[in-house]
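Notes follow the structure.
Protein chains: 2
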Amino acid sequence: MADAKQNELMEKVVSLCKRRGFIYQSSEIYGGINGFWDYGPLGAELKRNVKDFWWQTMARMRDDVAGLDATIIMHPAIWKASGHVDTFSDPMVDCKLCKARFRADQLGEIPCPRRPSKMAGECEGEKTEARPFNLMFETNVGPVKDDASVAYLRPETAQAIFVQFKNVLETSRQKVPFGICQIGKAFRNEVTPRNFTFRSREFEQMELEYFIRPDEAVEAIAGGVARVEEGAWQGEPRANWGWEVWHKYWVEQRIRFYESIGLTRGTLEEYWQKPEELAHYARATVDILFKFPFGAQELEGIAARSDFDLSQHERHAGKPMAYFDEELRAAWGKLPQEKKDELWRRYFEARFKYLEKTGVPREKAEKDAREDADGLAKGNYIPHVIEPSAGVDRLVLALLCNAYCEEEVTDEKGNKESRVVMRFHPRIAPIKVGVFPLLKNKPDLVQKALAIRDMLRPHLTVFYDEAGAIGRRYRRQDEAGTPFGVTVDFETLGEAGPDLKDTVTLRDRDTMKQERVKIADLLPRILPAVR
Amino acid sequence: MADAKQNELMEKVVSLCKRRGFIYQSSEIYGGINGFWDYGPLGAELKRNVKDFWWQTMARMRDDVAGLDATIIMHPAIWKASGHVDTFSDPMVDCKLCKARFRADQLGEIPCPRRPSKMAGECEGEKTEARPFNLMFETNVGPVKDDASVAYLRPETAQAIFVQFKNVLETSRQKVPFGICQIGKAFRNEVTPRNFTFRSREFEQMELEYFIRPDEAVEAIAGGVARVEEGAWQGEPRANWGWEVWHKYWVEQRIRFYESIGLTRGTLEEYWQKPEELAHYARATVDILFKFPFGAQELEGIAARSDFDLSQHERHAGKPMAYFDEELRAAWGKLPQEKKDELWRRYFEARFKYLEKTGVPREKAEKDAREDADGLAKGNYIPHVIEPSAGVDRLVLALLCNAYCEEEVTDEKGNKESRVVMRFHPRIAPIKVGVFPLLKNKPDLVQKALAIRDMLRPHLTVFYDEAGAIGRRYRRQDEAGTPFGVTVDFETLGEAGPDLKDTVTLRDRDTMKQERVKIADLLPRILPAVR
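Heads up: the sequence lines are chains A and B, in that order. Each residue of the first sequence is one higher than the one before, counting from 1 in this note's numbering. Each residue of the second sequence is one higher than the one before, counting from 1001 in this note's numbering.
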């Protein structure tokens, strides 16, 4: 639980976000709208940098991941297949007296609107039975508003990846194992949005669906399945990796991603969901938590989802989702009969279990599972999925909380003062360099500073500032989290002799140390530090 | 009108989009959903590159523009103030016989659902009177679904900028003139989506709202207002630029943007809306059209919107939107009385006209306009707006149509064949370099090619391909629009002597010329060409 000091830190972060233009309340001049937040100039840059780096890491640095950018509104049958229409809901009760609606499990925490001295669960108003309230935002597509035109704002980006699996497979030259990644908005009509931007109604996700062979196929091809306990996940991917190793591998990849943007392992927690917490189709789920001031909360979930998702869409859309694996077919033919029988049996049982759990009658489930297992023997299977799914907004909030720092410093004249500094990793800092002429009213200084700005700007986000005392300008960039400051002074103009001509001071945000650097050395010096 | 050849070109572009993974129909395996399109691996990269370059040009390369990233769902009162609730609609009629709904102006073009041999306007079904059908998608926010919880998916990104104008102003150290830019999704429930992705129900916009002084303030400060006829807009912005020069300046800036990503002036048209076509608050609007195969259609509109938008939000939200201009206050004090009177009068009249047109009673309009003009004399005004508003999806479609090219070529062996090549500007091409080992089964070639891939990839989007004949691999990258191809051959390994060791062939997509380049020279050679 958050203590007073943590609450104070959170308040300071929220206040800085508004004051410096990281985050504003959506529609603020109209009184706001609960659960919606806008990113101001600094916030928009920070968020872009986070998303760009994720995309760079996932889609561009890997041969085995392809990108996708799908629509927010999709065919409503997708949410039937995924289970969202039927089960993505909170239980709600209505008060028959005041007509307000409450989450059934929050009756003891939320005050009665009529008599706020009492909790909703204690007041005299009679309550209805709890009924499920679906968290998807609903709308209508086309000119007629009826049941047939109902559509939903996607509550997650994942399903678009599953329904486009075959298209991507056919057009991208990928082979299993491979992944499809996507960044985009998602919407959940949360009953009680809270913790600033952490639980919002409109948010952005960065999701990867990584498609792998079922373990039976791995075993047929590689002769066995590597074990997590033996540390297999630490090396380069191999043909003998089954779902457990792949899952562990992605957990590790994702933690490294967070480390590479400044969230050290000490700020994170790994939470392995207990068997009874898992969704029925999930084999394992790890939550990566960040220690927010309001408690350790989830940044990302990494789930081993078996072949549930593609199987559901195969059945609901009536379109085959199986992948033909040349290597599997070749390997299967060389297996001894008893191995074939064993793998056939295990695959049959897994498919049967899935079909029965999703309501397929026993007899049909048996028949279909048999077909699936026969398919495996010919090289066909529905890929299994490892899903690292991260929230952009909560990650941005974690980066803001993690970066916030107040400290006492001594200025050039020996005076003590306190400064706020956002210690963002340079890679994601909204602005990379501040450029300052020492004085605003000296045209030579201004002209030189503008030339440096123009030189840096095609490569780096630059903030040019000539207003106010130089110390105040540094403080402003400290609050924005700008890792470097470049100051043009009279030495730059050659007034202290030819040695210092065309040098500037380069200030480090964290140490506040300044050193003289040649203008020509600025880019080679700064660029590697911010990439 | 599009002729047969143009229709054929369009069909080829659509077919290539699907075949190569630029664009798929949304929810295709469920039969699709009309007016929604997904971007596949190549399309997602292309679209990202377009958006990134716009953001770089707007937000990062200019001191006078700040970025914003606001929510899609905002307070519904915003759409009342903007006029969208009342007037953003098409007139629709219902058929009393078959219950279908039609746009009133399309009764003659759309077949009757019962008797498709007749048009809807000619069949026996009696039609209702035309009624307005609002094009905004509606939803409900919060657990209760009633009139009070209605909200809309934004039909444009612009309004978020207006409602956050004050927050950005206060946190970004900007002074008028300055702009706020945003990229994001918008939604319009089009009755008849058409022309592939051109008119979609879900689309993305790139909008800039550039806030300027009213001409009366410009005149007070600069002593006069520069004239477009004198070419003022061609130089650097000056204090004497009024709305007309700023508008012309932005038209020119935006055309240069299109040129810089490969759309030459010859592929574009400028359409200056006639006075009778303008919205009542607009002083001028220019549409930039691209000559699509289905006709010249709008890519972007650049509107001079007066002070309408901020004024509307000031009145509807009851929050002051005026900007205090220090320079104006100082300048006003030095004006001769008759100039003061003249500017006061002109500003009064403009404000009065706005207030009366938006339904404010005459007497109150006069009083308020008087206050506004008194405010101007003290340095306060509501900024005017120039709005360059571009559609991302239609721009991507224009780039696809513009790039598509079929030609007859002669291969290495002298055989003629035809190739499809997407001549994207390298800056926005989805993949920048293909890297190929000449043969897949020579580990030395593969290893070297992989090392080159790893060297290039942090800086460039690379596609590594070892499958099939090298000619076919080139063709595949031609279709993807990849400007460069790097091939590792036996010369690279030193088998033709030390001179050619560690050189590769660099192939140009358009000329198909190949030259030998040192591996160490690849980055310095390619990078400047793709930025």
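Even for Gly, the Cβ is constructed at its ideal location relative to N, Cα and C. Note that the structure is predicted; figures quoted are calculated from it, not measured.
- Counting other Cβ atoms within 10 Å of its Cβ, B/Glu-1230 stays below 16 and is therefore classed as exposed.
- When the beta-carbon positions are compared, A/Ala-100 and A/Pro-91 stay at least 8 Å from each other.
- Using a CB distance below 9 Å, the part of the segment 32–55 of chain A facing chain B consists of Gly-32, Ile-33, Asn-34, Gly-35, Phe-36, Trp-37, Asp-38, Tyr-39, Gly-40, Pro-41, Leu-42, Gly-43, Ala-44, Glu-45, Lys-47, Arg-48, Asp-52, Trp-55, ordered along the chain.
- Buried is the label assigned to B/Leu-1376, since at least 16 other Cβ atoms lie within 10 Å of its Cβ.
- Distance from the Cα of B/Asp-1465 is smallest, within the candidate group A/Asp-63, A/Trp-246, A/Ser-27, A/Arg-19, for A/Asp-63.
- Counting along the chain, the unbroken alpha helix (DSSP H) around B/Phe-1165 starts and ends at 1165–1172.
- Assigned with DSSP and collapsed to three states, A/Ile-23 falls in strand.
- Ranked by Cα distance from A/Ala-496, the options A/Val-486, A/Gly-481, A/Arg-516, A/Met-512 are led by A/Arg-516.
- Residue state for A/His-384 is assigned as strand, using DSSP reduced to three classes.
- Contact annotation: in the segment 1059–1078 of chain B, residues whose CB is within less than 7 Å of a CB in chain A are Arg-1060, Met-1061, Asp-1063, Ala-1066, Gly-1067, Leu-1068, Asp-1069, Ala-1070, Thr-1071, Ile-1072, Ile-1073, Met-1074, His-1075, Ala-1077, Ile-1078.
- If you draw a 10 Å sphere on the C-beta of A/Lys-432, you find 16 or more other C-beta atoms in it, and that means buried.
- At the C-beta level, A/Gly-21 and B/Ser-1172 come within 8 Å of one another.
- Judged by DSSP secondary structure, A/Asp-90 falls within the beta strand (DSSP E) whose first and last residues are 89–94.
- Within a 10 Å sphere around the beta-carbon of B/Trp-1055 sit 16 or more other beta-carbons, which makes this residue buried.
- In chain order, Asn-1240 place their CB closer than 7 Å to the CB of B/Gly-1224, counting only its own chain and leaving out the 5 sequence neighbours on each side.
- Secondary structure within the segment 191–267 of chain A: the alpha helix (DSSP H) runs of 4 or more consecutive residues, fully enclosed, are 215–222, 243–260 (chain order).
- By the Cβ neighbour-count rule, B/His-1425 is buried, with 16 or more other Cβ atoms within 10 Å of its own.
- B/Ser-1260 is outside the set of residues whose beta carbon lies under 8 Å from a beta carbon in chain A.
- At least one beta carbon of chain A lies nearer than 8 Å to the beta carbon of B/Lys-1185.
- Scanning its chain for C-beta atoms nearer than 7 Å, with the 5 sequence neighbours on each side dropped, one finds around B/Leu-1355 the residues Ala-1365, Asp-1368, Ala-1369, in chain order.
- Those residues of the segment 301–327 of chain A placed with their C-beta closer than 7 Å to a C-beta in chain B are His-313, Ala-317, Lys-319, ordered along the chain.
- Three or more Cβ pairs drawn from the segment 379–391 of chain A and the segment 212–219 of chain A lie within less than 8 Å of each other, which places the two stretches in contact.
- Annotation note: the segment 60–139 of chain A contains the following uninterrupted beta strand (DSSP E) runs of length 3 or greater, listed N- to C-terminal: 65–68, 89–94, 101–103, 131–134.
- Chain A places no beta carbon closer than 8 Å to that of B/Ala-1451, leaving this residue out of the contacts.
- Taking 8 Å as the cut-off, the beta carbon of A/Phe-484 is found no closer than this to the beta carbon of A/Arg-453.
- Sequence-distant Cβ neighbours of A/Val-168 in its own chain, meaning closer than 6 Å and more than five residues away, are Ala-66, Ile-180.
- Neighbours of A/Asn-189 across chain B, judged by C-beta separation under 9 Å: Thr-1139, Asn-1140, Val-1141, Gly-1142, Pro-1143.
- Within the segment 1446–1495 of chain B, the complete beta strand (DSSP E) runs of at least 3 residues fall at 1462–1464, 1484–1488.
- The Cβ of A/Ile-29 sits closer than 8 Å to at least one Cβ of chain B.
- With a cut-off of 8 Å on Cβ pairs, the segment 1152–1160 of chain B is not in contact with the segment 1023–1036 of chain B, counting fewer than three such pairs.
- Taking a contact to require three or more Cβ pairs closer than 8 Å, the segment 1140–1156 of chain B and the segment 1273–1292 of chain B do not qualify as touching.
- In the assembly as shown, A/Thr-511 is an exposed residue. Its beta-carbon has fewer than 16 other beta-carbons within 10 Å.
- Residue pairing from DSSP places A/Arg-419 in a beta bridge opposite A/Glu-407.
- Residues of chain A with a Cβ closer than 8 Å to the Cβ of B/Val-1163 are, in chain order, Ser-27, Glu-28, Ile-29, Tyr-30.
- At a C-beta separation below 7 Å, A/Ser-172 has these neighbours in chain B: Gly-1021, Pro-1041.
- Residues of chain B with a Cβ closer than 7 Å to the Cβ of A/Phe-133 are, in chain order, Pro-1143.
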